[in-house]
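A.B. asks:
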Amino acid sequence: MTRIKVDPSQLAQAAQELAEVAERLQRLADEAHAIGSSAPSYDGQFGPQAERLGLEALSALNSQSQRVSLRGSELLDISQAFAEADHRSQSGFGTVWSLLSGWREKAEEILPSWLMGWLYRDMGQPTPTLGAEATPTPPGHTPEPRLAPTASWTPVPIGTPTAEEQQAMYARQLRKYELAWQEQFGTALLACSN
Numbered sequence: 035m036t037r038i039k040v041d042p043s044q045l046a047q048a049a050q051e052l053a054e055v056a057e058r059l060q061r062l063a064d065e066a067h068a069i070g071s072s073a074p075s076y077d078g079q080f081g082p083q084a085e086r087l088g089l090e091a092l093s094a095l096n097s098q099s100q101r102v103s104l105r106g107s108e109l110l111d112i113s114q115a116f117a118e119a120d121h122r123s124q125s126g127f128g129t130v131w132s133l134l135s136g137w138r139e140k141a142e143e144i145l146p147s148w149l150m151g152w153l154y155r156d157m158g159q160p161t162p163t164l165g166a167e168a169t170p171t172p173p174g175h176t177p178e179p180r181l182a183p184t185a186s187w188t189p190v191p192i193g194t195p196t197a198e199e200q201q202a203m204y205a206r207q208l209r210k211y212e213l214a215w216q217e218q219f220g221t222a223l224l225a226c227s228n
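Using our numbering, the letters of the sequence shown map in sequence onto residues 35 to 228.
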């Protein structure tokens, strides 16, 4: 896929310059017509010939002025479309960033620290530790301080599930969170694309 780098302000500036050129062409057309229609006649031929040349210049320059003006307005529309697309993509990335940050924080709360360390081992980021701020912050954003969860001991009830049952419960819970994450992510992507 080809990447196109466009600066909407440069496009808008070029559109403004084209509008100025169109105005100058229009003034030249009016001036050529005025000169041709006011030319003196010599032997009954020079005046009408000069007037005809003035009318031809008026027609040609008017046509060029309209074409340049049309291209300038098209360029201005294109620059506005690129600027709007940039704005929508920036706000969309901000929404996706906040969703991903929220999901990561939720994952830190429910997943064991060894699993979080395994998930982030190849990302070039420090391994999150329990209670530490692990979410990378976007530029210009100050993270809110978070309290570390306190460990509490709960007595093990009689009839504790076996290791296989615990793994099955964990897998069901993990699948439930994965489905919720996918649903939220799909909703966020749809919101970004609109």
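All C-beta atoms, glycine included, are put in the ideal place defined by N, C-alpha and C.
1. Under the three-state reduction of DSSP, which class applies to A49: helix, strand or coil?
2. With DSSP run on the structure shown, which of helix, strand or coil describes Y204?
3. Are the Cβ atoms of L62 and L89 separated by less than 7 Å?
4. Rounded C-beta distance between A66 and S103? I'm assuming under 8 Å.
5. Considering Cα atoms alone, identify which of G106, P42, Q200 and Q201 is closest to V55.
6. Using the three-state DSSP reduction, which class does L145 fall into: helix, strand or coil?
7. Going by DSSP in three states, S125 sits in which element: helix, strand or coil?
8. Which of the three DSSP states, helix, strand or coil, is assigned to T221?
9. Take A49 and list the residues in its own chain whose beta-carbon comes closer than 6 Å to its own, dropping the five residues that flank it on each side.
10. How many Å lie between Q60 and T221 at the Cα?
11. By Cβ distance, which residues of its chain are closer than 7 Å to A46, with the 5 residues on each side in sequence left out?
12. Roughly how many angstroms lie between the CA atoms of K39 and R138, to the nearest whole one?
13. To which residues of the same chain is L133 closer than 6 Å at the C-beta, ignoring the five residues directly before and after it?
14. Measure the alpha-carbon distance for L164 versus L224 and round it to whole angstroms.
15. Hey, out of I69, A115, E199 and Q201, whose CA is closest to R91's CA?
C.D. replies: Per the coordinate set shown:
1. helix
2. helix
3. no
4. In fact, because the Cβ distance is near 18 Å, the residues do not count as touching under 8 Å.
5. G106
6. coil
7. helix
8. helix
9. G106, L109 and L110
10. 53 Å
11. L110 and S113
12. 32 Å
13. A222
14. Because L164 sits at a pLDDT of 47, beneath the cut-off of 50, its placement in the model cannot be relied upon, and the following sentence gives the value as read from the coordinates. Approximately 33 Å between the Cα atoms of the pair.
15. For the sequence presented, residue 91 should be read as Ala rather than Arg. Taking only the C-alpha atoms, the option nearest A91 is I69.
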